[in-house]
Amino acid sequence: MIYMAPLQGFTDYVYRASYAKVFNTVDAYFIPYISVKNNVIPNKYSREILPENNTQSRVVPQILAKDADEFEFLENILTNQGYSEFNMNLGCPYPMVTNRGKGSGLLPFPDEIYKILDHFYSSAKGELSIKLRAGLKSADEIKDVIKVLNQFPLKEVILHARVAGQLYSGEIDENAFSYATQNLKHKLVYNGDIFSKEDFISKQHKFPGIDTWMLGRGIIMNPLLPHEIKGISLTDKELADLLYTFHQTMLERYLEIMDNEGNALNKMKQFWIYFAQCFPNPKKAMKHIKKVKALNKYNPTVRSIFNEIAG
Ligand SMILES: Cc1cc2nc3c(=O)[nH]c(=O)nc-3n(C[C@H](O)[C@H](O)[C@H](O)COP(=O)(O)O)c2cc1C
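Residue numbers 35 to 345, in our numbering, belong to the letters of the sequence shown in order.
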């Protein structure tokens with residue numbers, strides 16, 4: 035199975051819905067985290083979790099909370115929206131988050147994680163999975179965290195085996211991932227640095243017991259990566275057509291929901307930061323896209339970039 039990772043600012047509901055409509059290759063979609071600010075959840079998060087924006091068969095919302103109260107507050111909002119499966123974020127690496135005791139900021143404090151899980155399971159309204167890093171400062175932290183996770187009936191655990199300080203670069207700690215394969219009682223999902231079918235095969239050889247893979251940047255750089263991994267073969271023309279349809283689906287939806295064309299265009303420019311990697315010359319494609327200031331210039335620019343792959 036392949037899961038789409040949550041990527042704040044990229045895999046928003048327009049992205050997820052367009053992806054599901056055009057490619058039928060992902061088995062579950064994870065919504066980027068929601069969190070509380072001054073006892074309310076910001077509007078940008080409310081839109082992300084609306085049931086009408088999440089009609090795919092399995093969509094999992096993610097909670098970023100520092101304690102059991104915050105967690106319950108968010109869980110209640112999600113339950114009221116009809117969700118019955120939640121994911122807890124123990125991975126966000128940014129100091130603004132970790133210094134507040136959230137995301138991977140909780141990893142050195144297994145007792146705090148215990149309190150949140152104990153509270154959740156005392157009145158559980160649904161299933162819970164965890165997405166975590168190997169540690170905040172050291173990959174050794176995962177050992178005590180696993181002892182806590184093993185005490186609860188979690189649905190599954192998704193591990194991105196880096197420590198927070200690495201952010202998204204440097205080596206994945208494969209020893210930490212192996213440790214989890216041996217010591218965690220729950221189903222384990224692999225996440226991190228799968229950018230090609232070769233990367234996937236190499237991880238599969240290293241971790242033969244894993245049958246579910248979460249892909250993040252690999253998908254947004256190449257939305258056809260799940261096709262490649264699952265061995266769905268299409269002609270180059272069919273693949274190029276799918277990518278174009280995906281692009282157009284997103285553009286149309288942003289134009290529908292944004293206040294003005296400029297905002298929709300900005301969203302598409304953000305999308306191109308990774309999407310440009312689908313093309314033979316990503317830097318050149320991005321340069322053209324960046325220059326565009328209006329929709330009537332954007333459309334022909336996109337067409338000409340696509341013409342390069344259509345040959
Ligand atoms: C821009 C960006 C935003 C992200 N937002 C989230 C998030 O909201 N929640 C989360 O659990 N992980 C988030 N992540 C981490 C990814 O879900 C994933 O764990 C990480 O990118 C490693 O997987 P990959 O190598 O396949 O990209 C984010 C990563 C990036 C690059």
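All C-beta atoms, glycine included, are put in the ideal place defined by N, C-alpha and C. Predicted model, so just to flag it, every value in this text is computed and none were measured.
Residue i and residue j look like a contact to me (Cβ under 8 Å); what is the Cβ gap, rounded to whole Å?
| i | j | result |
| --- | --- | --- |
| Tyr37 | Thr246 | 7 Å |
| Leu162 | Met122 | 6 Å |
| Leu151 | Val182 | 7 Å |
| Leu124 | Ile180 | Not a contact, Cβ separation roughly 12 Å. |
| Glu119 | Lys189 | 7 Å |
What would DSSP say about residue i, mapped onto helix, strand or coil?
| i | result |
| --- | --- |
| Leu329 | helix |
| Phe120 | strand |
| Gly169 | strand |
| Glu205 | coil |
| Ile164 | strand |
| Met248 | strand |
| Arg134 | coil |
| Val60 | coil |
| Ala51 | helix |
| Tyr128 | coil |
| His220 | coil |
| Asn256 | coil |
| Met35 | coil |
| Asn225 | strand |
| Leu188 | coil |
| Ala195 | strand |
| Thr269 | coil |
| Thr45 | coil |
When the Cα atoms are used, what is the spatial distance from residue i to residue j?
| i | j | result |
| --- | --- | --- |
| Gly139 | Ala173 | 13 Å |
| Ile307 | Thr45 | 13 Å |
| Tyr49 | Asp233 | 24 Å |
| Tyr148 | Leu108 | 18 Å |
| Pro314 | Ser69 | 39 Å |
| Leu112 | Ala99 | 14 Å |
| Gln42 | Gln216 | 31 Å |
| Met248 | Lys264 | 13 Å |
| Asp207 | Ala198 | 12 Å |
| Val19 | Val94 | Given that the chain is displayed from residue 35 to residue 345, the structure contains no residue 19 and the question cannot be resolved. |
| Lys55 | Asp145 | 42 Å |
| Phe186 | Asp61 | 25 Å |
| Ile65 | Asn87 | 11 Å |
| Asp178 | Asp270 | 48 Å |
| Gly252 | Lys71 | 31 Å |
| Pro184 | Lys78 | In the sequence as presented, Pro is not what sits at residue 184; that position holds Asn. Taking the straight line from one Cα to the other gives about 34 Å. |
| Glu175 | Glu286 | 45 Å |
| Asp103 | Ala328 | 46 Å |
| Ala51 | Leu141 | 32 Å |
| Gln90 | Met255 | 22 Å |
| Glu262 | Phe340 | 20 Å |
| Asn133 | Gln282 | 40 Å |
| Glu272 | Cys126 | 37 Å |
| His194 | Ser236 | 16 Å |
| Val131 | Asn110 | 22 Å |
| Phe211 | Met284 | 35 Å |
| Arg337 | Arg196 | 39 Å |
Could you tell me whether the Cβ of residue i comes closer than 8 Å to any Cβ of chain D?
| i | result |
| --- | --- |
| Val197 | Looking for chain D here will not work: only one protein chain is present. |
Checklist line | Runs of beta strand (DSSP E) lying entirely within the stretch 62 to 114, each at least 3 residues, in chain order | finding: 62 to 64
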